[in-house]
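What follows is a single structure, written as structure tokens, with notes after it.
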Amino acid sequence: MSEFPIGKRVLVRWAEDGDNQSVLELSPRCVQIGMVTMYPDRSPVFNRIHRLVDPGSYHVVAINDTRVVGLLGTLHTDFYFQDKPIRTAYFMDFRVDPDFRMGMTAYRMVKPAIEFERESGTRMALATLLKNNEAPMVFTKGRGGFPASLYLGDNRIYNYVPIRQLKTDNRFVIRQAKESDIPELVALYNRFYSSYRLAPRMAEETFRHYTTQIDGLSLDRFYVACEGHGIKAVLAAWDAESIKRYMVTQSNFRVKVISGMVKLLALFGRMPEPIRINEPLKQLTLVLYAHDHSTGALAALFRHINNLHIGGEYSLIQVQIHQDDPANESFRGLTGISVYSEIHFFTDTLQIAREIQNANGLVHLEFPNYI
């Protein structure tokens, strides 16, 4: 990609290996404000996880002198619609230095990324935007030559705190997954995904790649709930700390209250780690979950993970799910806080947009679409 001069102060180009340190230094200047104020730290290599998921992933950077002042990343997955794969670009890591937000920096990063995807034959694009964050919404309105987005509901980011022992349904036997389970798990994932309007699919090769190449996502991190001779639900408890961690700079009143309660209760029993300012958030992320028409089995797994980590090293256990997914009932009894992001899809033709809009069902995002 050639460089795109955009005025006297800033130019835009594809990110290079030599930009790594400057990209890492951009993150603390672009904090995310929510229940805690924080920024993602992917040191030592900012795009390592993206390359593991999609070797064709890339980032666009905006450069001021030798300093990175803007970033936009893209990786690719296939979403299935009516049992047919559609190549989809996931736009992520959209950050602009506060000193450069009033100009055209953001627009000029997005423009070449969209042009590249069009020329590459990408049929759809996906972005998740934090609820009530108006700044990036301009890119969903169909202005400036960009396609308008198709809003497909809200993604619920549920963070629960393992503060008390919970009863699990004794119908289900819970254990760690085994090598011999893999074919059954792959089949379970694909039955589960096919119940959605838009969702990925799983291949055994993909599953083995995840469990052997991504730190913290090995097979012993997968838990299954069995009933009779079959697996009724599965999830992975991913510790992504070696690849990505969030540095906490501030917390809101509700989180402060919960942290204070945790510290107080720690005087009388085992409690999770409190959220500490200017330290990494101790978080376990539950990914690659699926159930076989049994939200009860999935609930048993969520509760089992809760019970495993009471008094442990994690402050929060996080799982992401569509707000309207019936599996939300699996969170009953857990103690947590929710944050929401909007799910926006972009299509290369109006016809595809209309077909997706008129179809029944929800969207299911998997962890490559929120890293």
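If you're matching positions, the sequence shown starts at 1045 in the numbering used here and goes up one per residue.
C-beta: ideal position from N, C-alpha, C; glycine also.
In this structure, Leu1242 keeps its C-beta atom at 8 angstroms or more from the C-beta atom of Thr1255. Taking a 10 Å sphere around the C-beta of Gln1364, we find 16 or more other C-beta atoms and assign the residue as buried. Contiguous alpha helix (DSSP H) elements confined to the stretch 1313-1344 do not occur, taking only those with 4 or more residues. Selection Ile1321, Leu1229 and Thr1081 evaluated against Gln1220 yields Leu1229 as nearest (Cα-Cα). Distance check between Met1291 and each of Val1054, Ser1066, Leu1055 and Ser1071 places Ser1071 closest, using alpha-carbon atoms only. Between Phe1144 and Val1182, the C-beta gap is not smaller than 8 angstroms, which leaves the two residues out of contact. The alpha-carbon of Gln1395 is positioned some 50 angstroms away from that of Pro1318. In this structure, DSSP gives Leu1055 an extended state, which the three-state scheme calls strand. Taking the Cβ atoms as the reference, Leu1196 lies roughly 11 angstroms from Phe1390, outside the contact range of under 8 angstroms.
Across the structure, Thr1132 and Met1153 are spaced so that their CA atoms are roughly 19 angstroms apart. Fewer than three beta-carbon pairs drawn from the stretch 1370-1377 and the stretch 1058-1077 are found closer than 8 angstroms, and the two stretches are therefore not classed as touching. Comparing alpha carbon positions, the residue from Ser1101, Asn1199, Gly1405 and Ile1130 closest to Ala1157 is Ser1101. Met1246 is classed as buried because its beta carbon has at least 16 other beta carbons within 10 Å across all chains shown. No residue range can be given for Ala1371, since it is assigned to no alpha helix (DSSP H) and is classified by DSSP as neither H nor E. The alpha-carbon separation between Tyr1358 and Leu1328 amounts to approximately 6 angstroms. Here His1408 is buried: its Cβ has 16 or more other Cβ atoms, across all protein chains shown, within 10 Å.
Here the C-alpha atom of Asp1085 lies approximately 5 angstroms from the C-alpha atom of Arg1289. Glu1399 sits in a helix when the DSSP states are folded into three classes.
Per the coordinates, the alpha-carbon of Ile1361 lies some 38 angstroms from the alpha-carbon of Glu1159.
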